[in-house]
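*Asks:* First residue of the sequence shown? That's 54 in my numbering, and the numbers climb one at a time after it.
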Amino acid sequence: MGSSPNQKAMTGPGSPAGVPRHIAIIMDGNGRWAQSRGLPRIEGHRRGVEALRRTVDAAGKLGVQYLTVYSFSIENWRRPASEVSDLMGLIKFFMRRDLAELHRNGVRICIAGAPDEVPHDVGALLHEAQETTRNNKAMTLVIAFNYGARQEIVQATRRIAEAVAAGTMRPEDVTEASFAKRLYTADIPDPDLVIRTSGELRLSNFLLWQSAYAEFVFTDVLWPDFDRADLEAAIATFRQRERRYGGLSPVETPA
Ligand code: IPE
Ligand code: IPE
Ligand code: MG
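1) Consider the C-beta atom of Asn83 and the heavy atoms of ligand 1; say whether any pair is separated by less than 7 Å.
2) To which residues does DSSP link Ala202 through a beta bridge?
3) Going by C-alpha to C-alpha distance, which of Ser135, Phe198, Gln88 and Thr108 sits closest to Ala286?
4) Answer yes or no: do Phe198 and Gly166 have a C-beta to C-beta separation smaller than 8 Å?
5) Could you give the C-beta distance for Ala267 and Pro244, rounded to a whole number, given that I count them as a contact under 8 Å?
6) By the three-class DSSP mapping on this structure, what secondary structure does Phe291 have?
7) If I follow the unbroken beta strand (DSSP E) through Ile127, where does it start and stop?
8) Quick one, which of Pro73, Thr121, Ile206 and Val72 has its alpha-carbon nearest Trp262's?
9) Just confirm the distance between the C-beta atoms of Ile164 and Leu155, as a whole number of angstroms; I'd bet it's less than 8 Å.
10) Report the partner residues of Val270 according to the DSSP bridge assignment.
11) Going straight from the alpha carbon of Ser311 to that of Glu96, what length do you get?
12) Let me know the secondary structure DSSP gives Ala219 once reduced to three states.
13) Quick check: what's the CA-CA separation for Asp278 versus Arg249?
14) Within 10 Å of its beta-carbon, does Asn83 have 16 or more other beta-carbons around it, so buried, or fewer, so exposed?
15) Contact check, Ala111 vs Arg292 under 8 Å by CB: the rounded distance?
16) Please classify Arg106: does DSSP put it in a helix, a strand, or coil?
17) Nearest by alpha-carbon distance to Gly101: which of Arg297, Ser251 and Glu305 is it?
18) Determine the direct distance from the alpha carbon of Ala191 to that of Arg255, and round the result to whole angstroms.
19) What span of residues does the beta strand (DSSP E) with Ile162 cover, start to end?
Structural data, given as structure tokens:
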């Protein structure tokens, strides 16, 4: 995981020119999409799954190498039990229906999130998806599920503290790189572009460490309406940004 500025690039090797190597999306607005149509919130979540499918497909075709999607936050457990249960049902539905096709298309699935509290059947499906697709090379889809960035940072810190206490790590071995290796996203490059839909202008505990130098694009489009044109528009906005990483001139290629 490249966490120092000179390891980063505007776009990574292997991505077409101007296409971010890693796009992370906060898929928001399902409930409002449904409510504005007089439909139950679950209908918005269902349509959100279709938007996810479209987006994975579009990102792959555009040459994005890593796509991270925020699908369930640790804080989402605060929702009514019926909605949580609907969301658990939908992640299972997505995995059962789409895993074979994602695998055929060479998509590698990685799960980022706390394994505890996840219902056993959901955890088993997520594990199976990771195992089945682990050697795929076309694109990596990181599913942030039961994810919270602060919790992720705390568990990394705890693992380091344990290693230091056990004598297998010295305090001077604690570096940006060794820390990043203990995050759920170990081996995934930092996101170049973070998109949030639905007009909300906040991170909601998403990728706090990894987004240190990401570019942000906020759109009013509600997630169930998000499509390839919206993704291309976000990429076009990204292309106009100058990434300087604290220096004075734009950094476009890896050091
Ligand atoms: C995003 O849509 C999906 C999840 C957070 C799981 P929301 O359910 O947050 O939709 P709004 O924000 O209430 O419209
Ligand atoms: C963030 O959306 C989490 C996901 C998209 C999974 P929320 O809708 O939960 O965020 P807040 O509560 O509005 O900050
Ligand atoms: Mg929301």
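C-beta atoms are modelled at their ideal positions from N, C-alpha and C, and glycine is treated no differently.
*Replies:* In this structure, then:
1) yes
2) DSSP lists no partner for Ala202.
3) Thr108
4) yes
5) 5 Å
6) helix
7) Per DSSP, Ile127 belongs to no beta strand (DSSP E) and is neither H nor E.
8) Ile206
9) Between Leu155 and Ile164 the Cβ distance is about 13 Å, and since that is not below 8 Å, they are no contact.
10) Ile248
11) A query on residue 311 cannot be resolved here, the shown segment of the chain reaching from 54 to 308 and no further.
12) helix
13) 13 Å
14) buried
15) 16 Å between Cβ atoms; not a contact.
16) helix
17) Ser251
18) 31 Å
19) Val160 to Ala165
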